[in-house]
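Colleague: My questions will all concern the structure given below.
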Amino acid sequence: MCKCALAEALFPGGKTPEELELAYPERGLPEGAAVTRFSPSPTGFLHLGGLFGALTDATLAQNTGGVFYVRVEDTDKKREIADGVRGLLDGLAAYGLLPEEGVVGVGREAGKYGPYTQSKRIEIYHAYAKRLVEQGIAYPCFCTEERLSALRAEQEQTNVNTGYYGTWACCRDLPAQEQLRRLQAGEPYTLRLRSPGVEGRKITVQDQIKGKLELPENIMDVVLLKTNGVPTYHFAHAVDDHLMRTTHVIRGDEWVASLPLHIQLFGVLGFRAPKYCHTPTLMKEENGGKRKISKRKDPEAATSWFWEQGYPPEAVLEYLMTLMNSDFEAWRRAGPDAPLAAFPFRLQRMSVSGALFDVAKLTDVSKNVIARMSAAQSYAGLLGWANTYDPAWAALLTREEAFAAAMLDIDRGGKKPRKDLARWNEAKTAYQYFFDALHDPAFQLPAHIAAADAEAILRAYAPLYDPEDDKDAWFGKIRGICAGLGFCPDVKLFKTDPSAWKGHVGDASGVIRLAVTGRENTPDLCAVMRLLGGERVRQRLQGAMLQMAGKERGA
Ligand code: GLU
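Counting with the working numbering, you get residues 608 to 1162 for the letters of the sequence shown.
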C-alpha cells in the first residue's frame, strides 16, 4: 500500500526521482573511464590520508580518461569549522590536485552534476526520502535520545545486540493515524530506513583493493535524515554518488564496516552500486610497533607540515605513489624522468594491510626528486618555500636570480646528479658560501692537515688560480703544486705508501675547498669557483691564508 499521504505530509511537493534522473544523466564516458570524487568534510585542513585518497582518485581518473571531482560533505555541522573549505582546497591546489569539476574555489563550483556541496542538496535528498516513505522503506521515528538510551540499556541487560532494528525498532510499525497525528503535533522525528536485512545473513562484495569481502547484512534501521532534515553520511553518499555518476568510491578502510548498509541503500533506492575501493590506513612505526597516524598526535598528519618542512609537493606525491603501488619504485628506476601521470597505476596492486608512512623514506625520495628537477624548477620551488618561511632569503634569491639559478645548476643533470638537498629548508645553510652576506669564512682543518701545510698550499695555489680555467686546467694546477709541498699528486700512488707523504692531491683540493667555501663537501668545486668569480675567490684565498697564519701563531 502506498504511504503517499505520509510521504506528502513529510515532504510536501518537490521534484520526483524521475525528474532528478533526467537532470543528472549518465556521463557518456568511454567504457572503463573512472569517475572518482574527493569528498571531505570541511574540517579546515587537508590530512595526509585525504591527500593519499585524493591522489588515488586523481590518478585513477587520469589513467582511465575519466573524471575526478570534489564534493564538500558539510552535513555534520558539529564537525565543521568556519572557512573550513579553503584549507582543503588550498591543500589540494598545493599538490596540483584541484580538479576542474566540483567545488573548485571558496563559494565556487563548476560542472553539470552540482551543487557539489551537500548542504545545498537538501531538496534532492528529500525527493529520494519521500519515495522511500511512499514505498514503506523509510519511516519517521519519534524516539527521543532518552528513549534510545533506555532501549540500549535494556538491550545490554538482556545481552542482545544494541541498536535500532527488528522488534526493537519501536516506530517501525506505528499506525498511519498516529504517525500523521504526531507529525501534525510538531513532534521532532528522524527518518529511518526500514532495513530489509536479515540477521545472520551474509553479503559478498568485491572491493577493488581488498578483494572479495564477506560481511554481515545490515539489519539496522539507520537514520537517513536527522531531525533537522539533513541527511546522514550514508544516505547522502548513496544519493550523491548515484546522481553524480561516480563509478569508483575510493575512501579510507574505516568505512568497510558501513559497506553492507551502503550496498543495501543503493539496492532499496534502485541504484547500481559503484565499485568500492577501500584504501589502506596510513600507519607509522613507533617503539618497534605500528600504529595509525593520528590527527592529534602526529604533525605529519596535516599535509601543511610537509611544506613547512620544505618537502617539495612533487616529492610528497612521488612518495605517496610508492605507498600506493609497490611496483612504482621499479618503474621509477627504469624511467627516472617519466612524469608521474605516466605510471600505470592499478587499484588491485594497492596494499591490503596498512601502508607504513616513513619520513626517512620520504626524505630519500625527496632527494631524488629534487636531484631530477631542472635548475629552473628547483629555483622556483626553493623561492616558493622561502617566500613563505624565510622572506629575507627569498629577497636575496630574487635579487640574485640568475646567480642562484646557476648555483642550483651545478652538478645537475647527467647520470649522477647531485643529491645534496632533501628539503628546501636545508638550502640556505647548504649554500650559504655562495652569498657574501651569509658566508662564514672561519673553517676547521681536518686533524691530519697542519695549518702551516694548509697555508703553504694556499700560498702556492693563489698566484696560479685563473677563473677562466676549465676543469682539467684547474685540477692540473692543484696537482702541480703537490709534490713540492710533500703531498702526493696521485691518490693511487699515495695509497701504496701513505707514510711517505703529508697527504695527497685530494687533501690539497680539500684545503682549497675549505678556504673558498668553509665546507668539506660541496658540489663540483671548479664550477663553484667559476660561479663565485675571480675577485671573490681571490679574497677568500687571501683571507684563508691569514686565518691559517693566525692558527700557526696560536691565535
Ligand atoms: N566525508 C567523508 C569523510 O570525510 C568522506 C568519506 C568518503 O569518501 O566517502 O570521512
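Note that CB positions come from ideal geometry on N, CA and C, so glycine has one too. All values reported here derive from a predicted model rather than from experimental measurement.
Take the Cβ of Lys-737 as the centre, count every other Cβ of all protein chains shown within 10 Å, and call the residue buried at 16 or more, exposed below.
Modeller: buried
Colleague: In the DSSP assignment, find the unbroken beta strand (DSSP E) run with Met-556 in it and report its ends.
Modeller: Given that the chain is displayed from residue 608 to residue 1162, the structure contains no residue 556 and the question cannot be resolved.
Colleague: With a threshold of 7 Å (Cβ to nearest heavy atom), would Ser-648 be considered close to the ligand GLU?
Modeller: yes
Colleague: Skipping 5 residues on each side, what residues in its chain have a beta carbon closer than 6 Å to that of Leu-1015?
Modeller: Ala-982, Ser-985, Tyr-986
Colleague: Along the chain, where does the beta strand (DSSP E) containing Asp-697 start, and where does it finish?
Modeller: For Asp-697, no beta strand (DSSP E) encloses it; the enclosing alpha helix (DSSP H) starts and ends at 691-701.
Colleague: On the CB-based measure, 16 or more other CB atoms within 10 Å of its CB, does Glu-925 come out buried or exposed?
Modeller: buried
Colleague: For the stretch 945-981, which segments carrying the alpha helix (DSSP H) assignment without a break, of at least 4 residues, lie completely within its bounds, in sequence order?
Modeller: Contiguous alpha helix (DSSP H) elements confined to the stretch 945-981 occur at 966-979, taking only those with 4 or more residues.
Colleague: Roughly how many angstroms lie between the CA atoms of Ala-845 and Val-829, to the nearest whole one?
Modeller: Cα to Cα, the separation comes out at about 14 Å.
Colleague: Along the chain, where does the alpha helix (DSSP H) that runs through Ala-614 open and close?
Modeller: 611-617
Colleague: Can you check whether the CB of Ala-1061 is closer than 8 Å to the CB of Leu-1052?
Modeller: yes
Colleague: Ordered along the chain, which non-local residues of its own chain (more than five positions away) have a Cβ less than 8 Å from that of Gly-836?
Modeller: Ile-729, His-733
Colleague: Considering only residues of the same chain and omitting the five flanking positions on each side of Gln-791, which have a CB-CB separation below 8 Å?
Modeller: Ala-616
Colleague: Can you tell me whether Lys-897 is helix, strand or coil according to DSSP?
Modeller: strand
Colleague: In this structure, how does DSSP classify Asp-664 when only helix, strand and coil are distinguished?
Modeller: helix
Colleague: Does the count of Cβ pairs from the stretch 677-691 and the stretch 940-947 closer than 8 Å reach three?
Modeller: no
Colleague: Under the criterion of a Cβ to heavy atom distance below 7 Å, does His-855 qualify as lining the ligand GLU?
Modeller: With a cut-off of 7 Å, the C-beta of His-855 is classified as distant from the ligand GLU, since no heavy atom of the ligand falls inside that distance.
Colleague: Could you give the DSSP three-state label for Val-846: helix, strand or coil?
Modeller: helix
Colleague: Would you say the beta carbon of His-844 comes nearer than 7 Å to a heavy atom of the ligand GLU?
Modeller: yes
Colleague: Looking at Arg-1025 and the ligand GLU, is the gap between the Cβ and the nearest heavy atom below 7 Å?
Modeller: no
Colleague: Roughly how many angstroms lie between the CA atoms of Gln-762 and Glu-708, to the nearest whole one?
Modeller: Going from the Cα of Gln-762 to the Cα of Glu-708 covers about 47 Å.
Colleague: Does the separation of the CB atoms of Ile-1017 and Val-1118 fall below 8 Å?
Modeller: no
Colleague: Do the CB positions of Ala-1029 and Ser-973 come within less than 8 Å of each other?
Modeller: yes
Colleague: Straight-line CA distance for Tyr-883 to Trp-992?
Modeller: 37 Å
Colleague: Quick check on Asn-894: buried or exposed, where buried means 16 or more other Cβ atoms within 10 Å of its Cβ?
Modeller: exposed
Colleague: What would DSSP say about Val-711, mapped onto helix, strand or coil?
Modeller: The three-state secondary structure of Val-711, taken from DSSP, is strand.
Colleague: Just list the residues that DSSP pairs Gln-1149 with in beta bridges.
Modeller: Its beta-bridge partners do not exist; DSSP assigns none.
Colleague: Leaving out five residues before and five after Lys-902 in sequence, what residues of the same chain have Cβ atoms less than 8 Å from its Cβ?
Modeller: His-654, Ala-908, Ala-909
Colleague: Just the C-alpha distance for Met-931 and Leu-662, rounded to the nearest angstrom, thanks.
Modeller: 9 Å
Colleague: Under a Cβ-count criterion, where at least 16 other Cβ atoms within 10 Å of its own Cβ denotes burial, should Asp-1114 be classed as buried or exposed?
Modeller: buried
Colleague: Does the distance from the C-beta atom of Thr-853 to that of Val-711 stay below 8 Å?
Modeller: No Cβ-Cβ contact shorter than 8 Å links Thr-853 with Val-711.
Colleague: In three-state terms, what does DSSP make of Pro-1105?
Modeller: helix
Colleague: At 4 residues or longer, and completely inside the stretch 718-790: list those alpha helix (DSSP H) runs for me, N to C.
Modeller: For the stretch 718-790, the continuous alpha helix (DSSP H) assignments of 4+ residues that do not extend past its boundaries occur at 729-741, 752-764, in sequence order.
Colleague: Rounded to the nearest angstrom, what separates Glu-1127 and Tyr-702 at their Cα positions?
Modeller: 36 Å
Colleague: Lys-817 and His-885 look like a contact to me (Cβ under 8 Å); what is the Cβ gap, rounded to whole Å?
Modeller: 6 Å
Colleague: Pop quiz: Ala-1063 and Val-976 are said to be a contact at Cβ under 8 Å. What is the actual Cβ separation, rounded to whole angstroms?
Modeller: Not confirmed; about 43 Å, so no contact.
Colleague: Looking at the structure shown, is Val-805 part of a helix, part of a strand, or coil, going by DSSP?
Modeller: coil
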